[in-house]
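**Q** Can you read through this structure? Questions will come right after.
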Amino acid sequence: MTAGFSSVRLVDVSRHFGRRRAVSRVSFTVERGDILGLLGPNGAGKSTLIGMMATLVAPTSGTISYPGASASTGADIRDRIGVLAHELFLYPELTARQNLTFFARLYGVAHHLAVDAALEAAGLSDRADDPILSFSRGMRQRLALERALLHGPSLLLLDEPFTGLDDRAVGLVSKRLRDLASGGAMIVLATHDLDLADGLISRMTVVQNGRLLADSAVSEGVRQRYRAIIGGG
Amino acid sequence: MFVRTALLVLKKDVAIELRSYEILSTTLFFAVACVAIFSFAFVKEGQAAEDAAAGILWIAIAFSGTLALGRTFERERYGETLKALLLAPAPRPAIYLGKLLGIVALMFATEVLLVPMVAFLFNAALFGRPLLMTLLLLLGTTGYAAVGTLFAAMLVRARTRDVLLPILLYPITIPVIIAGVRGTSALLEPTPDEALVVLWISLLAFFDVVFVTLSLWTFEPLMTE
Chain A
0 MTAGFSSVRL VDVSRHFGRR RAVSRVSFTV ERGDILGLLG PNGAGKSTLI
50 GMMATLVAPT SGTISYPGAS ASTGADIRDR IGVLAHELFL YPELTARQNL
100 TFFARLYGVA HHLAVDAALE AAGLSDRADD PILSFSRGMR QRLALERALL
150 HGPSLLLLDE PFTGLDDRAV GLVSKRLRDL ASGGAMIVLA THDLDLADGL
200 ISRMTVVQNG RLLADSAVSE GVRQRYRAII GGG
Chain B
0 MFVRTALLVL KKDVAIELRS YEILSTTLFF AVACVAIFSF AFVKEGQAAE
50 DAAAGILWIA IAFSGTLALG RTFERERYGE TLKALLLAPA PRPAIYLGKL
100 LGIVALMFAT EVLLVPMVAF LFNAALFGRP LLMTLLLLLG TTGYAAVGTL
150 FAAMLVRART RDVLLPILLY PITIPVIIAG VRGTSALLEP TPDEALVVLW
200 ISLLAFFDVV FVTLSLWTFE PLMTE
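Chains as they are written, first to last, in numbering that gives the first Met the number 0: chain A, 0 to 232; chain B, 0 to 224.
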């Protein structure tokens with residue numbers, strides 16, 4: 000889990016889409032063991048920042064570096080990154096096992112062991128051979144999280160990972176994230192749900208209109224601090 | 000790694016299609032309907048209009064190919080799985096190649112029904128020189144799909160993708176369609192001009208090399224926002 004790069008550094012990163020500035024001169028660093036809460040209202044630039052860290056979106060200016068990465072090419076960096084977004088990145092026509100096997104092979108992971116372990120972790124071993132079309136949103140979300148973790152990424156980027164999950168599933172996912180962070184993974188969690196972020200994230204980075212408003216350590220009282228930074232809310 | 004990734008993407012696309020036959024059945028239905036409608040217009044008293052068969056065959060291939068391209072990438076849009084493919088540590092051009100192979104396989108499967116149907120309805124000797132005809136179809140389909148796969152992938156996020164795909168695709172693939180039609184026409188002459196057919200096949204091979212190389216080269220920068 001801890002092989003790969005040791006931190007992610009964003010320095011003066013900007014991204015413009017035409018005349019619209021989605022992200023403007025944002026700088027922060029994610030270290031091993033961090034669960035960084037990327038917080039902000041709709042349109043703040045959270046998903047664009049996640050996209051840039053995932054190498055899907057190229058910054059207009061500024062740099063994103065991955066110190067400790069064995070190589071600087073996109074494919075080598077992507078090998079150490081796991082992404083879970085609101086969209087699940089799964090093929091609904093295929094079974095849970097087929098989905099995980101496909102992605103395990105794509106990431107060059109020894110697929111039999113990894114797939115069985117992922118199905119176990121998602122609590123879906125008994126539904127492994129069912130098409131995921133027949134799964135509930137919560138089951139799909141758990142499977143999607145395990146898909147993102149198949150290759151043991153150093154950096155896990157999560158964009159609204161709790162969407163559609165019931166309380167029990169939220170608890171399980173939160174515990175999984177804490178375990179990963181204590182194992183040395185870096186986690187960036189973009190969410191609107193401040194109650195869920197409270198007690199889970201170790202740092203809060205607040206963005207609004209593409210600009211960084213705050214970046215500090217936090218353990219509790221996320222909502223109060225967020226309100227104080229953003230105002231109202 | 001490159002070939003392995005391309006084959007993995009192809010295998011995945013085949014596995015999905017085998018679960019539903021959705022794209023193959025709709026593409027086949029569309030192609031058959033297209034040829035049947037043209038046959039009503041161009042076949043009178045059992046006699047087809049001169050040179051109609053070649054044009055209609057390639058129009059049906061192009062139209063049904065556009066349908067297959069649109070549906071294949073619609074699948075990747077649902078659940079944003081194209082993004083998941085781009086996030087993998089695999090070479091991104093290999094993902095393009097895998098998708099291209101899948102589209103070519105789908106279009107070729109359609110042509111297996113389409114060619115005998117055109118031959119029958121238009122009384123065209125499409126099987127007179129099977130090797131040359133197969134080469135024309137294979138190279139023409141590859142050239143068309145090479146450009147189509149790149150554009151369909153680029154347009155996945157566009158709201159008007161269904162309209163934009165044919166608007167962008169048809170003008171650029173005109174050389175492929177012309178070479179396919181002229182090559183097939185030459186094959187359908189009472190005495191087929193093999194030298195002319197080989198010339199059109201060579202041109203198609205040239206287009207394929209150019210289109211596939213350009214697409215492999217531009218896929219990664221075009222897919223990075």
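Backbone N, C-alpha and C fix where the C-beta goes; we use that ideal spot for every residue, glycine too.
Between residue 104 of chain A and chain B, is the shortest Cβ-Cβ distance under 7 angstroms, so that the two count as touching?
**A** yes
**Q** Of all Cβ atoms in chain A, is any one closer than 7 angstroms to the Cβ of residue 160 of chain B?
**A** no
**Q** Residues of chain A with CB under 8 angstroms from residue 18 of chain B, in chain order?
**A** 92, 93 and 130
**Q** Which residue comes first and which comes last in the beta strand (DSSP E) that contains residue 8 of chain A?
**A** 6-16
**Q** Output, in chain order, the set of chain B residues within a Cβ distance shorter than 9 angstroms of residue 116 of chain A.
**A** Here the premise fails: no neighbours, minimum Cβ distance about 19 angstroms.
**Q** Following the continuous alpha helix (DSSP H) through residue 106 of chain B, name the residue where it begins and the one where it ends.
**A** 91-120
**Q** Please compile the residues from chain B whose C-beta is within a distance smaller than 7 angstroms of the C-beta of residue 82 of chain A.
**A** 86
**Q** So, does the CB of residue 57 of chain A fall closer than 7 angstroms to a CB anywhere in chain B?
**A** yes
**Q** What separation, rounded to the nearest whole angstrom, lies between the Cα atoms of residue 204 of chain A and residue 37 of chain A?
**A** 5 angstroms
**Q** Any chance the stretch 124-143 of chain A sits against the stretch 88-101 of chain A, with 3 or more Cβ pairs inside 8 angstroms?
**A** yes
**Q** Quick one: list the residues of chain B neighbouring residue 141 of chain A, beta-carbon separation under 7 angstroms, in chain order.
**A** Per Cβ cutoff of 7 angstroms: no residues; residue 141 of chain A is ~15 angstroms from chain B at best.
**Q** When the Cα atoms are used, what is the spatial distance from residue 0 of chain A to residue 14 of chain B?
**A** With a pLDDT of 43 at residue 0 of chain A, under the threshold of 50, the predicted position of this residue should be treated as unreliable, and no value is reported.
**Q** In angstroms with no decimal places, state the Cα-to-Cα distance between residue 65 of chain B and residue 17 of chain A.
**A** Take the alpha-carbon of residue 65 of chain B and the one of residue 17 of chain A: they are about 30 angstroms apart.
**Q** Report yes or no: is there a C-beta of chain B within less than 7 angstroms of the C-beta of residue 87 of chain A?
**A** yes
**Q** Exposed or buried, what is residue 36 of chain B when buried is set at 16 or more other beta-carbons lying within 10 Å of its beta-carbon?
**A** exposed
**Q** Please identify the residue among A:41, A:35, A:67 and A:150 whose C-alpha is closest to the C-alpha of residue 195 of chain A.
**A** Ranking A:41, A:35, A:67 and A:150 by Cα distance to residue 195 of chain A puts A:35 first.
**Q** Name, going along the chain, the residues of the stretch 72-86 of chain B whose beta-carbon falls closer than 8 angstroms to a beta-carbon of chain A.
**A** 74, 77, 78, 79, 80, 82, 83, 84, 85 and 86
**Q** Within the continuous beta strand (DSSP E) that includes residue 148 of chain A, where are the two ends?
**A** Under the DSSP assignment, residue 148 of chain A falls outside any beta strand (DSSP E), being part of the alpha helix (DSSP H) whose first and last residues are 136-148.
**Q** Could you tell me whether any Cβ in chain B is nearer than 7 angstroms to the Cβ of residue 235 of chain A?
**A** Any answer about residue 235 of chain A is impossible in this case: the structure gives chain A only from 0 up to 232.
**Q** What are the complete alpha helix (DSSP H) segments, minimum 4 residues, inside the stretch 32-76 of chain A?
**A** 45-52
**Q** Could you tell me if residue 75 of chain B is buried or exposed, where buried requires 16 or more neighbouring beta carbons within 10 angstroms of its beta carbon?
**A** buried
**Q** Does chain A have any CB closer than 7 angstroms to the CB of residue 23 of chain B?
**A** no
**Q** At the 7 angstroms Cβ level, is residue 96 of chain B part of the contact set with chain A, yes or no?
**A** Chain A, which has no Cβ nearer than 7 angstroms to the Cβ of residue 96 of chain B, makes this no.
**Q** Using a beta-carbon distance below 7 angstroms, is residue 7 of chain B in contact with chain A?
**A** Interface flag for residue 7 of chain B against chain A is set, since a Cβ pair is found closer than 7 angstroms.
**Q** With a cut-off of 7 angstroms, does the C-beta of residue 74 of chain A fall near any C-beta of chain B?
**A** yes
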